[in-house]
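Colleague: This is the structure I want to talk about, given as structure tokens.
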Amino acid sequence: MMAESEENNSREKAQVAAENHLVDVEPEDEQTRSAATWKPVSVRPLTVGILAILQLVPVIVLEILLQRSKLAPLAFDTSDSSSYAAWQYPAMAFFLVDGLLWEVVYARICQLESFYQLSQPGGASLENSLAMSYIDMITFLVPVKSAMVHHWSVFLASVVYLATFTLAPLFTRLAWILVWPEAYSVAIVIVLPSEPWCRALEVLCVLSAACGLGLAVIQKRRSGLLSEISSIEDLGRLICDSAEFLSLLKKIPSHADSKAIQRALQHCRFRLLYKQNRLELVAFQSSNTTSIPATIGIRNTSFDAHPFGLFASVIWTVELMVIGVYLPIALLSRFPPDDFEPDILRSLFTALLLINTISWSGIQSSLNAILPFAFMTASRQSKEPRVRSHESLNHIRQRFTSGSSLLQITAGSTPCLMALCGSLNLQLMILLVNPLWDSALSIIKKQGLDAPVPGCLSGPAMLAQILSYIAPILSFAAFINALLYRRIFAPRKPNTMISKMIYLCRGERLLQDVREGRVSNESTTDGCYSFGWLQDREGQWFVGVDRRVSVAKEYKKVDEIGPEAEG
């Protein structure tokens, strides 16, 4: 009880001190704030509003189909490939593309939320701003977390993203059923819409549209930024323009883990100010670094230092599960339908596809969390960095927006492109192979294993055959890529803004180059930028990004104590 009362008293004192400090803060430049109009195209009200209205298109189409099915049965000939494809693929393709577009909106909203929280007159706490990490969270938990802290834009974006990318394709598979004929001589396939599932899909689409319009209203009321802040160069410039905040960061050892950073800055509040056409971060209260040890072990096996999705065992397990997608097909060829119920195979096949898609999305998110720092990590037993000088300059400037595969590809991220290949492989199987698999099992169940293939399945079967040759290559390439880029030599993941800033604040050469505007030049006379354990001119060790002065000859093994860090 005594400890709790002391903690409450300290929090009250910190709050009072922060409020007093707000009075002393230099007022913002209103002209600069009014010029802060930058917003990504994906989160502008017009874009979000158009995407929200598009969610009503499936509602109209479903209602028309339901009314037509009541007037006359929906059917097509077994030799009509176009009719079969029209019933099986467009709806699924619409929701997959729609989900990818909402993924971009969701990623941008998560990226900008911390800056909007920092722009509030009273500032924001560390947890609700600089230490925010929605992208690293399990997607299903983001709506709950964002609602608890009243981040309504993130809540609405995550709800629409989950509805369009996860639930809508599943409901589409259940919205109607193809009834295949019992005998070879019958050449008519009946389409039976399931009214309960169609209504559920309509409600889901209306809910997505309502949330999307609400998100558009919120984005309309919010101001923009002066420019995008997502690259190492952008963060370095923000640090350089925030002198007091930079001195605060330097009090925290670069090797501190996430819990130590949270303890050190738990009573601080931070605010983003607009002054003379620049941004400045201001911190209220001083940090408490007394509990942070002076040395640190390089423990890449800990969850704080290494993304769970990039552990070797996890990557191997996901790759084995990808191979396991073909298990139902092998069971069907080994056991006749009389001994093995085809409906069980259908459920098993769909479940394996969904599990693998979610798993590859986790690997992709884990790669996002450590980029672009993984590119600049020096090799283990070499003084030479893994990348060449001009490449490291590009990585300093590249803008990475975690959470969206499309945005990562446009930023030139090869690892995320390969991780997307692993996920795309499974999405193609869901789109092309899964409907074909359902149809084939239905025919086998009614007509036997020796039933002739209907003409309407010839085109999709050819695409599935081509995919069967391409899919293993995509999966294997993504698997090798995840293994290559899965390690960085750091005590914690650079997945939050505060984590990245503490790594950057001791890179004196990097910050000097940012101040003088030399990062954009192709000059390589000072060496190339590296990430890892570095040594400055005074012989002090730090973990961060800097032009290579003296890189450790050999990185310490896991669980060994690294170089001493001055704290």
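Okay, so the sequence shown: first residue is 0 according to numbering that gives the first Met the number 0, each after it adds one. Even for Gly, the Cβ is constructed at its ideal location relative to N, Cα and C.
Less than 8 Å between the C-beta atoms of A156 and L214, yes or no?
Modeller: yes
Colleague: Please report the Cβ distance between L351 and G308, rounded to the nearest whole angstrom; I am assuming they are in contact, meaning their Cβ atoms lie under 8 Å.
Modeller: Their Cβ separation, rounded to whole angstroms, is 18 Å, which puts L351 and G308 out of contact at 8 Å.
Colleague: Just list the residues that DSSP pairs E279 with in beta bridges.
Modeller: DSSP, once it has assigned bridges, lists L272 as partnering E279.
Colleague: Assuming A130 and I354 form a contact by the criterion Cβ under 8 Å, report the distance between their Cβ atoms to the nearest whole angstrom.
Modeller: Incorrect: roughly 31 Å between the Cβ atoms, too far for contact.
Colleague: What's the C-alpha gap between H305 and K258?
Modeller: Approximately 15 Å, taken between the alpha carbons.
Colleague: Quick one, are the C-beta atoms of K492 and A368 less than 8 Å apart?
Modeller: yes
Colleague: Looking only at its chain, what residues have a beta carbon closer than 7 Å to the beta carbon of W196, apart from the 5 residues adjacent to it on each side?
Modeller: F170, L173 and A174
Colleague: With DSSP run on the structure shown, which of helix, strand or coil describes P180?
Modeller: In the structure shown, P180 sits in coil (DSSP, three-state: anything other than H, G, I, E or B).
Colleague: Could you check if H254 is buried or exposed, using at least 16 other CB atoms within 10 Å of its CB as the buried criterion?
Modeller: Residue environment analysis places H254 among the buried positions, since at least 16 neighbouring C-beta atoms fall within 10 angstroms of its C-beta.
Colleague: Going by other Cβ atoms of all chains shown within 10 Å of its Cβ, with 16 needed for buried, is V432 buried or exposed?
Modeller: When all chains shown are included, V432 counts as buried.
Colleague: Count Cβ pairs between the segment 106 to 115 and the segment 49 to 59 that sit closer than 8 Å; are there 3 or more?
Modeller: no
Colleague: Touch check for the segment 269 to 288 and the segment 235 to 244: three-plus C-beta pairs under 8 Å?
Modeller: yes
Colleague: Provide the residue span of the alpha helix (DSSP H) that contains V158, from first to last.
Modeller: W151 to L161
Colleague: Among D135, A208 and I108, which one has its Cα closest to the Cα of L53?
Modeller: A208
Colleague: CA-CA distance, S226 and W37?
Modeller: 6 Å
Colleague: Can you say whether F302 is buried or exposed, counting buried as having 16 or more other CB atoms within 10 angstroms of its CB?
Modeller: exposed
Colleague: Measuring only the C-alpha atoms, how far is T356 from L319?
Modeller: 13 Å
Colleague: Mapping DSSP to helix, strand and coil, what is P192?
Modeller: In the structure shown, P192 sits in a strand (DSSP, three-state: E or B).
Colleague: Would G122 and R277 qualify as a contact pair, given that the criterion is a beta-carbon distance under 8 Å?
Modeller: No. Outside cutoff.
Colleague: Judging by CA-CA distance, which residue of T376, A439 and S365 is the nearest neighbour of D135?
Modeller: S365
Colleague: So, helix, strand or coil for V148, using DSSP?
Modeller: coil
Colleague: Quick one: Cα of I108 to Cα of L99, how far?
Modeller: 14 Å
Colleague: Assuming P459 contacts A84 (C-beta within less than 8 Å), just tell me the rounded distance between them.
Modeller: Yes, they are in contact, since the Cβ atoms of P459 and A84 sit about 7 Å apart, within 8 Å.
Colleague: Helix, strand or coil: how does DSSP classify D535 here?
Modeller: coil
Colleague: Hey, how far is the Cα of G538 from the Cα of A106?
Modeller: 40 Å
Colleague: To the nearest angstrom, how far is it from the Cα of L125 to the Cα of Q261?
Modeller: 8 Å
Colleague: Quick one: Cα of D256 to Cα of A439, how far?
Modeller: 53 Å
Colleague: Counting only the same chain and skipping the five closest in sequence on each side, list residues whose C-beta sits under 7 Å from that of V148.
Modeller: N127
Colleague: Which residues mark the beginning and the end of the alpha helix (DSSP H) in which A74 is found?
Modeller: No alpha helix (DSSP H) contains A74, which is instead part of the beta strand (DSSP E) from L73 to D76.
Colleague: CA-CA distance, P44 and G531?
Modeller: C-alpha of P44 to C-alpha of G531: approximately 41 Å in a straight line.
Colleague: 8 Å is my cut-off, CB to CB: does L510 come that close to chain C?
Modeller: As a matter of chain content, chain C is missing from the structure shown, which is built from one protein chain.
Colleague: Just confirm the distance between the C-beta atoms of V58 and E201, as a whole number of angstroms; I'd bet it's less than 8 Å.
Modeller: 5 Å
Colleague: Could you pull out every residue in the same chain whose Cβ sits closer than 7 Å to the Cβ of M375, ignoring the five residues on either side in sequence?
Modeller: P384, V386, S391, H394, Y528, S529, F530 and V544
Colleague: Quick one, are the C-beta atoms of S229 and F399 less than 8 Å apart?
Modeller: Between S229 and F399, the CB-CB gap stays under 8 Å.
Colleague: Who are the near neighbours of S78 in its chain, counting only those whose CB is closer than 8 Å to its CB and skipping five residues on each side?
Modeller: A186, P453, G454 and C455.
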